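The block underneath contains the structure these notes are about, expressed in structure tokens.
Numbering (the working numbering), first residue to last: 2 to 138.
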């Protein structure tokens, strides 16, 4: 995200409210599908490059939503978390308690997760389906 507030006004939000796509041929939103969807609109999944980005994204998440896909992955090397487009090392730390944990192996994509009254980062399997996501356009 860019540093000025005007760029935040261009943030495109996609919150999918159903467990089923409207079109039966449409794929449910997993991390890979959400990246492709954001790119099709000329953007990427949202990144957190500074504290203001974190606060802004948290403010977009509607009450009752527990998980939201954002950019970030350690698919290239376990434990080495990077933003994907362009590839940049993640410098901030908004991880939830004892996260990332790679629980059960293969949790390589980043989400915001609701932990005890606050949205923090967590790692999830990239193939997990049907979480809302935020594109930065």
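C-beta: ideal position from N, C-alpha, C; glycine also. For clarity, every value in this text was computed on a predicted model and none was experimentally measured.
Here residue 81 is exposed. Its C-beta has fewer than 16 other C-beta atoms within 10 Å.
When beta bridges are read from the DSSP output, residue 45 appears opposite 137. Three or more Cβ pairs closer than 8 Å define a contact, and the region 64 to 80 meets that threshold against the region 119 to 136. In the DSSP assignment, residue 112 falls within the unbroken beta strand (DSSP E) covering 110 to 116.
According to DSSP, residue pairing for residue 70 in a beta bridge involves 112 and 134.
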